[in-house]
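The block underneath contains the structure these notes are about, expressed in structure tokens.
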Amino acid sequence: MMDDSMYPQWTAEIATRRRELAPEALAAFRAFNSSVFGDGALPAKTKQLIAVAVAHVTQCPYCIRGHTKEALKAGASENEIMEAIWVAAEMRAGAAYAHSALALDVMKQEGQSREARHDEHH
Numbered sequence: 045m046m047d048d049s050m051y052p053q054w055t056a057e058i059a060t061r062r063r064e065l066a067p068e069a070l071a072a073f074r075a076f077n078s079s080v081f082g083d084g085a086l087p088a089k090t091k092q093l094i095a096v097a098v099a100h101v102t103q104c105p106y107c108i109r110g111h112t113k114e115a116l117k118a119g120a121s122e123n124e125i126m127e128a129i130w131v132a133a134e135m136r137a138g139a140a141y142a143h144s145a146l147a148l149d150v151m152k153q154e155g156q157s158r159e160a161r162h163d164e165h166h
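In short: position in the sequence shown from 1, add 44, done, that's our numbering.
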């Protein structure tokens, strides 16, 4: 189980303080959120499943909890939510594997540089 002490419990006090510190930004964010999660080409359930997956990739515990609840409310099954999480896990792992091409490129360049330096000295 995740150590919740790293993430303070959401309270009305926190919500009020955030609103006091940046009311315009909060209003804009809420409007953006409503626009993104409102009716559109994708149904609410699909949008929430995407949000659950992305929340796992971005590792936002508040987003994971909130969007999992919203996905359930939108009619997503527990199996659908878990499958979305596995898609996120594969994408994260796949990205690490795909980025190995960068390391291979550096190793190739450094290997060629070492060979060139070795040839210069012999």
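Every residue, glycine too, gets a C-beta built ideally from N, C-alpha and C.
All of these numbers come straight from a predicted model, not from anything done at the bench.
So, residue i versus residue j, is the Cβ gap smaller than 8 Å?
| i | j | result |
| --- | --- | --- |
| G119 | K89 | yes |
| I108 | A99 | yes |
| M135 | V101 | yes |
Skipping 5 residues on each side, what residues in its chain have a beta carbon closer than 7 Å to that of residue i?
| i | result |
| --- | --- |
| T112 | V96, I125 |
Quick check: what's the CA-CA separation for residue i versus residue j?
| i | j | result |
| --- | --- | --- |
| R62 | L146 | 40 Å |
| E122 | F76 | 27 Å |
| L65 | H143 | 39 Å |
| P67 | I58 | 13 Å |
| A72 | G82 | 15 Å |
Assuming the contact rule is C-beta atoms closer than 8 Å, residue i and residue j should be a hit. Round their C-beta distance to whole Å, please.
| i | j | result |
| --- | --- | --- |
| A128 | L93 | 4 Å |
Just to confirm my understanding: we take residue i, look at its own chain, exclude 5 residues before and 5 after, and list those with CB closer than 6 Å. What are they?
| i | result |
| --- | --- |
| Y51 | P105 |
Quick check on residue i - is its C-beta less than 8 Å from some C-beta in chain D?
| i | result |
| --- | --- |
| A59 | Annotation note: the requested chain D is absent from the structure, which comprises a single protein chain. |
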